[in-house]
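Peer 1: Residues -21 to -1, 1 to 408 in mature numbering (1 follows the signal peptide of the UniProt record, and there is no 0) are what the sequence shown lists, from first letter to last.
Would you mind keeping the following structure in view while I ask a few things?
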Amino acid sequence: MKRPILSLALGLCLAGCQGMATTDTVASSTQVDSAPAQAPSADAKASDDAQVSSRDFAAWVEDYREHAAAEGIDAVTLAAAFDDVSFQPRIVELDRSQPEFSRPVWAYLDTAVSDQRVRQGRAKLDTHRDAAMRAEDRYTVPAEILTAIWGVESNYGSHFGSFSTIDALATLGFEGRRQDFARRELLAALKILQSGDIDREHMRGSWAGAMGHTQFLPSSFLSYAVDADGDGRRDIWGSVDDVMASTAYYLQDAGWQAGEPWGVEVTLPDDFDYAQSELSVRRSSDAWHSQGVRARWDMWPSFDEASVIAPAGARGPAFMVGPNFRVIMRYNASTSYALAVAMLAERIAGESSIQGEWPRDLEPLSRTQVKEMQRRLNALGFSTGGAPDGIVGPNTRRGLREFQRSQDMTPDGFPTHALLERLRDTGKP
């Protein structure tokens, strides 16, 4: 039976905040010589709160030990995992942080597909070509794609995180925004320890529990990690053979189509209907061609189900993407991420970069400004699909397109400061 595919991007990085649980504290005070009791200092209260939180965390760990034991985790593994487990306040801070500004796609690509990263990728592929080609031969995923994911996920292993996976997931299971998810991943991490693939000290990764060179969640490790070098361990921290094979296996099982490109950069006709530029809209490449969509290069892929996307609206580059692009998004459900992997793979292979110009003069909207935009669209009858959340998704883009049509503007659904000003003007009494 085919395994269910879990996106490696799930982590614990969703938007929105959950209020931190509070605990009542009782501080004993001793009055000396009938002097009035003084309120505890802020530092003293923080210390008391930390002690209470630490006691609560220890009690939670004991309860979780019992749960894990009932799920088949042995006493030796539980001792190794939890005897020295510690609550990590910094992880809670990271989990709850909500950046006010998001990076535009071109800024993300500037970093993810920098000339330095391309050079490093070529050097890494040269060094580890045998491992990459063995993975490609076995799972049909190109070596350049595997190398690109490695580069985007951890800068080729130089930044895959230094957080203890057990500490991170225990902290998030106790006080994170997605506690049930973290607890399931923690159980998966315990199973990895019990299998002997890695020890606790070396099981390290991101604050959200993603591990190793290509950032597998523990549950994905259990399903897809491969012992490619034959040493009896699935080691995505230290064995490039295992890293390449495990990543390739994940992508193959997600539906990678051997021999097919991810897509192609295209030009769009002046009268193109940008309501079609969503991944949910799929047509054959011939159908797109009949609408005037043309490749910037000689190659014109033959897709049964392709989408046209314009990540920066009508002023930026456009792409026709096929099934393998969607497979990359199973690794991380972000168009910018999938473009970065695709572009980096092409650059590593010696191919040219994107030819279309990004609208670099446009400043990104803040989360607060996007919420205002959504609120004003809703008030004017251009539904964004619900309460303002500061996230530009398909529903918000649809509402923007409807507003743009009403203003005789190109309806590309791309949020800009000029559009927000137009909404402010339109909404004035």
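Using N, Cα and C, we set each Cβ at its ideal position, and we do this for glycine too.
1) Where residue 96 and residue 189 are concerned, what is the direct C-alpha to C-alpha distance, given to the nearest angstrom?
2) In this structure, how does DSSP classify residue 167 when only helix, strand and coil are distinguished?
3) Report all residues from its chain with a CB closer than 7 Å to the CB of residue 73; omit the five preceding and five following residues, and keep chain order.
4) Keeping to the same chain, check which residues put their C-beta closer than 8 Å to that of residue 253; ignore five residues upstream and five downstream.
5) Excluding five sequence neighbours on each side, which residues of the same chain lie with their C-beta closer than 6 Å to the C-beta of residue 374?
6) Between the segment 87 to 103 and the segment 115 to 135, do at least 3 Cβ pairs fall closer than 8 Å?
7) Per DSSP, what are the beta-bridge partners of residue 300 in this structure?
8) Are there three or more Cβ pairs, one per stretch, closer than 8 Å when the segment 232 to 239 is compared with the segment 208 to 217?
9) Let me check one thing: in DSSP terms, what residues is residue 360 bridge-paired to?
10) Taking the C-alpha atoms as reference points, what is the distance between residue 32 and residue 266?
11) Would you check if there are 3 or more beta carbon pairs closer than 8 Å linking the segment 156 to 167 to the segment 266 to 282?
12) Quick one: measure Cβ to Cβ for residue 241 and residue 300, integer angstroms, because I've assumed they're closer than 8 Å.
13) What residues match up with residue 141 in a beta bridge as DSSP calls it?
14) Is it buried or exposed for residue 347, if we count other Cβ within 10 angstroms and need 16 for buried?
15) If I measure Cβ to Cβ from residue 406 and keep anything under 7 Å in the same chain, skipping five residues before and after, which residues do I get?
16) What's the C-alpha gap between residue 287 and residue 376?
17) By alpha-carbon positions, which one of 213, 147, 151, 40 ends up nearest to residue 184?
18) Expressed to the nearest angstrom, what Euclidean distance is found between the alpha-carbon atoms of residue 4 and residue 155?
19) Between the segment 168 to 183 and the segment 41 to 61, are three or more C-beta pairs nearer than 8 Å?
20) At which residue ranges does the segment 199 to 261 contain complete alpha helix (DSSP H) runs of 4 or more residues, listed in the order of the chain?
21) Can you tell which of 402, 327, 334, 150 has the C-alpha that lies nearest to the C-alpha of residue 92?
22) Spatial neighbours of residue 48 within its chain, please: CB distance less than 8 Å, with the 5 preceding and 5 following residues excluded, ordered by chain position.
23) Excluding the 5 residues flanking residue 320 on each side, which residues of the same chain have their C-beta closer than 6 Å to its C-beta?
24) Using the Cβ count rule (16 or more neighbours within 10 Å means buried), how would you classify residue 41?
25) Using CA coordinates, which residue listed in 114, 174, 145 is at the minimum distance from residue 225?
26) Given this structure, state the Cα-to-Cα distance separating residue 202 from residue 228, to the nearest angstrom.
27) Taking residue 276 as part of the alpha helix (DSSP H), name the residues at either end of that continuous run.
28) Enumerate in chain order the residues of its own chain whose CB-to-CB distance from residue 208 is below 7 Å, with the five nearest sequence positions on each side excluded.
29) State the start and end residues of the unbroken alpha helix (DSSP H) segment that holds residue 404.
30) What did DSSP end up calling residue 352 once you bin it into helix, strand or coil?
31) Enumerate in chain order the residues of its own chain whose CB-to-CB distance from residue 223 is below 6 Å, with the five nearest sequence positions on each side excluded.
32) Mind checking which residues open and close the alpha helix (DSSP H) that includes residue 95?
33) Between the alpha carbons of residue 52 and residue 67, how many angstroms are there, rounded?
34) Can you check whether the CB of residue 334 is closer than 7 Å to the CB of residue 273?
35) Cutting at 8 Å between CB atoms, please list the residues of its own chain near residue 318, excluding the five before and the five after it.
36) Quick one, are the C-beta atoms of residue 171 and residue 195 less than 7 Å apart?
Peer 2: According to the structure data:
1) Mapped onto the sequence shown, residue 96 falls at position 117. Mapped onto the sequence shown, residue 189 falls at position 210. Taking the straight line joining both Cα atoms gives about 22 Å.
2) Translated into positions along the sequence shown, residue 167 becomes position 188. Three-state DSSP puts residue 167 in a helix.
3) Numbered from its first residue, the sequence shown carries residue 73 at position 94. Excluding sequence neighbours, residue 73 sits near 186.
4) For the purposes of this step, residue 253 is taken as the residue at position 274 of the sequence shown. So the list reads 289, 292, 293, 380, 389, 390, 391, 392, once near-sequence residues are dropped.
5) The count along the sequence shown starts at 1 and reaches residue 374 at position 395. Excluding residues within five positions, the ones whose Cβ falls inside 6 Å are 363, 364.
6) yes
7) One-based indexing of the sequence shown puts residue 300 at position 321. Its beta-bridge partners are 242, 286.
8) no
9) Here residue 360 is taken as the residue at index 381 of the sequence shown, counted from 1. Partner(s): none; residue 360 has no beta bridge.
10) For the purposes of this step, residue 32 is taken as residue 53 along the sequence shown, with counting starting at 1. For the purposes of this step, residue 266 is taken as residue 287 along the sequence shown, with counting starting at 1. C-alpha separation (whole angstroms): 60 Å.
11) no
12) In the sequence shown, residue 241 corresponds to position 262, counting from 1. In the sequence shown, residue 300 corresponds to position 321, counting from 1. At roughly 6 Å, the Cβ-Cβ gap stays under 8 Å, so residue 241 and residue 300 are in contact.
13) Within the sequence shown, numbered from 1, the residue matching residue 141 stands at position 162. DSSP lists no partner for residue 141.
14) One-based indexing of the sequence shown puts residue 347 at position 368. The residue in question, residue 347, is exposed, as its Cβ has fewer than 16 Cβ neighbours within 10 Å.
15) The sequence position of residue 406 within the sequence shown is 427, counting from 1. Closer than 7 Å at the Cβ level, and outside the excluded window around residue 406, lie 355, 358, 359.
16) Your numbering for residue 287 matches position 308 in the sequence shown. Your numbering for residue 376 matches position 397 in the sequence shown. Near 15 Å, if we compare the C-alpha coordinates of residue 376 and residue 287.
17) One-based indexing of the sequence shown puts residue 184 at position 205. Out of 213, 147, 151, 40, 147 has the C-alpha closest to the C-alpha of residue 184.
18) As a position in the sequence shown, residue 4 is number 25, starting the count at 1. As a position in the sequence shown, residue 155 is number 176, starting the count at 1. With a pLDDT of only 24 at residue 4, under 50, the local geometry of the prediction cannot be trusted, and the value read off the model is given with reservation. Near 21 Å, if we compare the C-alpha coordinates of residue 155 and residue 4.
19) yes
20) If we require 4 residues or more, the alpha helix (DSSP H) runs fully inside the segment 199 to 261 come out as 219 to 232.
21) Reading the sequence shown from its first residue, position 113 is the one you call residue 92. Minimum Cα distance to residue 92 is reached at 327.
22) The residue labelled residue 48 in the question sits at position 69 within the sequence shown. Cβ neighbours of residue 48 beyond the five flanking positions: 54, 57.
23) In the sequence shown, counting from the first residue as 1, residue 320 sits at position 341. Once the five neighbours on either side are set aside, the close Cβ partners of residue 320 are 127, 128, 131, 307.
24) By 1-based counting over the sequence shown, the position of residue 41 is 62. With fewer than 16 other Cβ atoms within 10 Å, it is exposed.
25) Taking the sequence shown and counting its residues from 1, one reaches residue 225 at position 246. The shortest Cα separation from residue 225 among 114, 174, 145 belongs to 114.
26) Reading the sequence shown from its first residue, position 223 is the one you call residue 202. Reading the sequence shown from its first residue, position 249 is the one you call residue 228. So the alpha carbons of these two residues sit roughly 10 Å apart.
27) As a first step, residue 276 is located in the sequence shown; it is residue number 297 there, counting from the start. Taken as a continuous stretch (DSSP letters only), residue 276 belongs to no alpha helix (DSSP H), as it is neither H nor E.
28) Taking the first residue of the sequence shown as 1, we reach residue 208 at position 229. Cβ within range, chain order: 218, 220, 221.
29) Residue 404 sits at position 425 when you count from the first residue of the sequence shown. Here the alpha helix (DSSP H) through residue 404 covers 396 to 405.
30) For the purposes of this step, residue 352 is taken as residue 373 along the sequence shown, with counting starting at 1. Three-state result, residue 352: helix.
31) In the sequence shown, counting from the first residue as 1, residue 223 sits at position 244. The residues are 110, 111, 114, 125.
32) Sequence index remark: in the sequence shown, residue 95 carries index 116 (1-based). Element bounds for residue 95: 94 to 106.
33) For the purposes of this step, residue 52 is identified with residue 73 of the sequence shown, where counting begins at 1. For the purposes of this step, residue 67 is identified with residue 88 of the sequence shown, where counting begins at 1. Spanning the two alpha carbons is a distance of roughly 23 Å.
34) Within the sequence shown, residue 273 is the residue found at index 294, counting from 1. Within the sequence shown, residue 334 is the residue found at index 355, counting from 1. No; because the gap between Cβ atoms is not below 7 Å, this pair is not in contact.
35) Numbered from 1 along the sequence shown, position 339 holds the residue referred to as residue 318. 84, 88, 290, 298.
36) For this step, residue 171 is matched to residue 192 along the sequence shown. For this step, residue 195 is matched to residue 216 along the sequence shown. The answer is no: Cβ separation not under 7 Å.
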